[in-house]
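K.L.:
Chains as they are written, first to last, in the numbering used here: chain Y, 1 to 432; chain C, 1 to 245.
#1: Who are residue 224 (chain C)'s beta bridge partners in DSSP?
#2: What does DSSP give as the partner residues of residue 424 (chain Y) in its beta bridges?
#3: Of the choices Y:267, Y:47, Y:20 and Y:406, whose alpha-carbon is the least far from that of residue 77 (chain Y)?
#4: Would you identify the three-state DSSP class for residue 152 (chain Y), choosing helix, strand or coil?
#5: Report the start-end ranges of each alpha helix (DSSP H) in the stretch 106 to 177 of chain C that is 4 residues or longer and not cut off at the edges.
#6: Report back the beta-carbon spacing between residue 280 (chain Y) and residue 246 (chain Y) to the nearest angstrom; my notes put them in contact at under 8 Å.
#7: The beta strand (DSSP E) spanning residue 42 (chain C) covers which residue range?
#8: Can you list the residues of chain C that residue 345 (chain Y) reaches, using a CB-CB cut of under 7 Å?
#9: Strictly under 8 Å for the Cβ-Cβ distance: is residue 149 (chain C) near chain Y by that measure?
#10: Roughly how many whole angstroms lie between the Cα atoms of residue 81 (chain C) and residue 71 (chain C)?
#11: Could you tell me which residues DSSP puts in a beta bridge with residue 97 (chain C)?
#12: Measuring straight from C-alpha to C-alpha, what distance separates residue 100 (chain Y) and residue 80 (chain Y)?
#13: Taking DSSP as the reference, what is the three-state secondary structure of residue 199 (chain C)?
#14: Using a 10 Å radius around the Cβ and a threshold of 16 neighbouring Cβ atoms, would you call residue 49 (chain C) buried or exposed?
#15: At a Cβ cut of 8 Å, what residues of the stretch 254 to 267 of chain Y count as close to chain C, listed as they run along the chain?
#16: When DSSP labels each residue in this structure, what does residue 13 (chain C) get in the three-state scheme?
#17: Using the C-alpha atoms, what's the distance from residue 110 (chain Y) back to residue 75 (chain Y)?
#18: Verify the CB distance criterion: does residue 206 (chain C) have a CB-CB separation below 8 Å to chain Y?
#19: Let me make sure I understand the geometry here. Which of Y:399, Y:360, Y:26 and Y:423 has the alpha-carbon closest to that of residue 409 (chain Y)?
#20: Span of the beta strand (DSSP E) holding residue 268 (chain C)?
#21: Rounding to the nearest angstrom, what Cα-Cα distance links residue 211 (chain Y) and residue 233 (chain Y) in this structure?
#22: Contact defined as beta carbons within less than 8 Å: I believe residue 34 (chain C) pairs with residue 69 (chain C). What is the distance between those atoms, to the nearest angstrom?
#23: Inspect the beta-carbon positions of residue 200 (chain C) and residue 170 (chain C) and report whether they are closer than 8 Å.
#24: Scan the stretch 402 to 429 of chain Y for residues whose Cβ lies nearer than 8 Å to a Cβ of chain C and list them as they occur along the chain.
#25: With 16 other CB atoms within 10 Å as the buried threshold, where does residue 382 (chain Y) fall?
#26: Can you find a CB in chain Y that lies within less than 8 Å of the CB of residue 94 (chain C)?
#27: Rounding to the nearest angstrom, what Cα-Cα distance links residue 43 (chain Y) and residue 150 (chain Y) in this structure?
#28: So if I threshold CB-CB distances at 7 Å, which residues from the stretch 27 to 41 of chain C count as touching chain Y?
#29: I'd like to check one pair, residue 100 (chain C) with residue 340 (chain Y): are the Cβ atoms closer than 8 Å?
#30: Relative to the C-alpha of residue 217 (chain C), which candidate in C:128, C:77 and C:238 has its C-alpha closest?
#31: How about residue 312 (chain Y) and residue 289 (chain Y): are their beta carbons less than 8 Å apart?
#32: Candidates C:96, C:167 and C:121: which alpha carbon is nearest residue 146 (chain C)'s?
#33: Rounding to the nearest angstrom, what Cα-Cα distance links residue 202 (chain C) and residue 86 (chain C) in this structure?
#34: Go through its chain and collect everything with a Cβ distance to residue 138 (chain C)'s Cβ below 6 Å, but skip five positions before and after it.
#35: Taking residue 22 (chain C) as the reference, which of C:41, C:63, C:38 and C:47 has the closest Cα?
#36: For residue 176 (chain C), go through chain Y and note every residue whose CB falls closer than 7 Å to its CB, in chain order.
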């Protein structure tokens with residue numbers, strides 16, 4: 001029965017799961033690249049190049065693994081939130097909270113497995129290219145191409161297991177929350193309460209705060225070792241503290257422009273603040289992507305094109321995963337945006353004004369993310385890394401933010417334009 | 001006296017179950033609403049009540065006939081002009097409320113006023129919310145209000161700009177009896193003498209509050225009653241059900 005429910009629900013709500021699939025597809029590519037690293041290294045025997053490939057597998061899986069855990073956790077958490085009514089109906093139909101949680105976990109496992117299979121189909125034909133390009137920065141002789149690249153079944157099986165395991169593990173909390181959905185939600189729309197951070201998050205914020213400050217102090221004292229990773233610690237600190245920081249940051253800077261400026265600004269600001277009160281994901285993720293981009297600036301990858309390409313090979317994928325996750329959270333709210341747009345038109349706004357409001361909202365989201373990312377990147381400007389100028393760490397920021405803005409704007413405006421082409425009554429869900 | 005709403009021989013079709021087939025939902029319906037008049041449309045499910053309201057209010061297009069509201073033929077309006085016309089002339093109340101979730105109750109009521117005048121008249125907003133008994137809930141968002149409260153905000157919003165006509169589609173459909181009665185009282189009392197109301201409902205008690213009741217059957221007007229009692233409406237709807245295709 002569970003298997004049937006898992007499949008039927010995945011098919012019925014494929015839009016909700018599409019974003020998770022895309023992020024898991026990318027993480028599947030990463031897992032397969034790591035499997036390729038290990039397979040090829042084993043085939044080479046104990047050489048310097050084999051050691052470099054194993055090193056690449058470790059760095060790559062660690063960096064991307066962390067990002068994927070966060071990204072999938074955010075996406076599935078949001079998916080569960082969007083499907084509260086459905087989960088409540090399951091309870092009314094007799095499913096226990098544990099069964100509902102199991103169904104959600106099984107759905108994530110299914111999606112991650114499908115994504116891994118899709119990634120396999122996509123990666124195998126271009127494995128030579130990927131492995132040569134991505135492992136280039138860590139190889140002793142980057143210009144010498146890798147020979148005899150292989151993908152053995154053993155490392156691939158381990159990669160698949162780790163991939164699915166990481167995806168499932170990162171959604172345990174969201175699955176439990178799905179099981180605890182009040183049955184009343186089946187018959188009455190849930191009150192739109194902002195999610196309040198719990199004690200666990202408070203403790204995590206404290207710990208990452210100590211870690212980040214400790215690492216930064218070590219860096220200032222010239223430690224020169226692992227404390228140089230302090231920008232990552234600051235990003236982690238922001239990731240756990242985002243619910244406290246993102247909303248107030250947006251409220252603060254947008255208050256500089258009074259609501260009396262115009263109705264479109266009034267609506268755009270209210271919409272942005274309302275969205276951020278329900279989920280900080282879009283703003284926080286773009287800020288994190290920009291801060292990760294800034295981190296590449298601190299290690300000097302922006303000095304010349306050759307080094308830039310190498311830096312992007314090493315650090316580009318996490319930035320893409322985070323941006324994709326941000327876009328996905330916006331995409332998942334598409335139907336809500338269409339309905340809200342129609343409601344605004346019924347209230348008297350023109351479609352053109354609603355489109356402009358959506359564009360302004362995208363600006364609000366991006367500027368807020370930019371402010372947060374700048375604050376996160378500032379510590380590296382005070383005492384720059386050796387060989388770096390003070391503002392080097394800020395140079396990548398505008399580029400990542402530009403990509404983020406385009407992503408948010410397109411995903412915010414497209415549903416409005418699409419809703420505009422259909423009768424308003426359909427968007428409002430009013431029966432004919 | 002010129003009619004506020006004039007629907008003439010309106011035909012509306014939707015795609016049928018088979019390719020190329022069209023299903024006729026409204027088949028030459030005419031309706032005229034005088035200023036300040038409260039017209040109620042009733043009929044069996046699938047008789048075309050909501051479609052009539054959607055066509056009469058310009059939310060949906062028509063395949064034949066004409067719809068004139070406050071002297072303007074809705075077919076002549078381009079989308080942007082239609083939005084401005086709706087803002088100034090028409091109010092809506094839906095069964096599913098359709099408030100803007102990001103705005104507070106006051107924000108929702110203020111929105112059409114802001115759009116019309118460029119600024120929110122706080123006193124007008126306060127008065128509108130006070131009139132529907134929600135002065136204390138001005139700062140709460142739709143998600144924090146009960147269904148009845150949300151519907152009362154929707155009524156306050158629809159009437160805040162003093163529109164020529166309010167279209168209400170099953171405004172009490174999702175409400176308990178007490179909340180429903182309150183919303184109907186508001187529509188009756190708060191609408192000024194110059195504001196007309198066109199309401200679709202399944203509730204025959206509510207229908208009996210209308211100055212005029214149209215009973216629809218299979219997309220045509222089956223019966224028209226003037227200031228009817230609930231029993232008269234019941235009998236007319238039963239007659240329409242009996243003869244339905």
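Here a beta-carbon is modelled for each residue, glycine too, at the ideal position from N, C-alpha and C.
Bear in mind the structure is a predicted one, so any value in this text is a computation, not a measurement.
P.N.:
The structure says:
#1: C:214
#2: Its beta-bridge partners do not exist; DSSP assigns none.
#3: Y:20
#4: coil
#5: 122 to 131 and 147 to 160
#6: 4 Å
#7: 38 to 42
#8: 83
#9: no
#10: 15 Å
#11: None, per the DSSP bridge assignment.
#12: 11 Å
#13: strand
#14: buried
#15: 260, 262, 263, 266 and 267
#16: strand
#17: 15 Å
#18: no
#19: Y:360
#20: Any question about residue 268 (chain C) goes unanswered here, given that chain C covers just 1 to 245.
#21: 7 Å
#22: Not quite, the Cβ-Cβ distance comes to about 13 Å (not below 8 Å), so this is no contact.
#23: yes
#24: 420, 423, 424, 425, 428 and 429
#25: exposed
#26: yes
#27: 8 Å
#28: none
#29: yes
#30: C:238
#31: no
#32: C:96
#33: 26 Å
#34: 105, 106 and 129
#35: C:63
#36: In chain order: nothing, as chain Y lies at least about 12 Å away.
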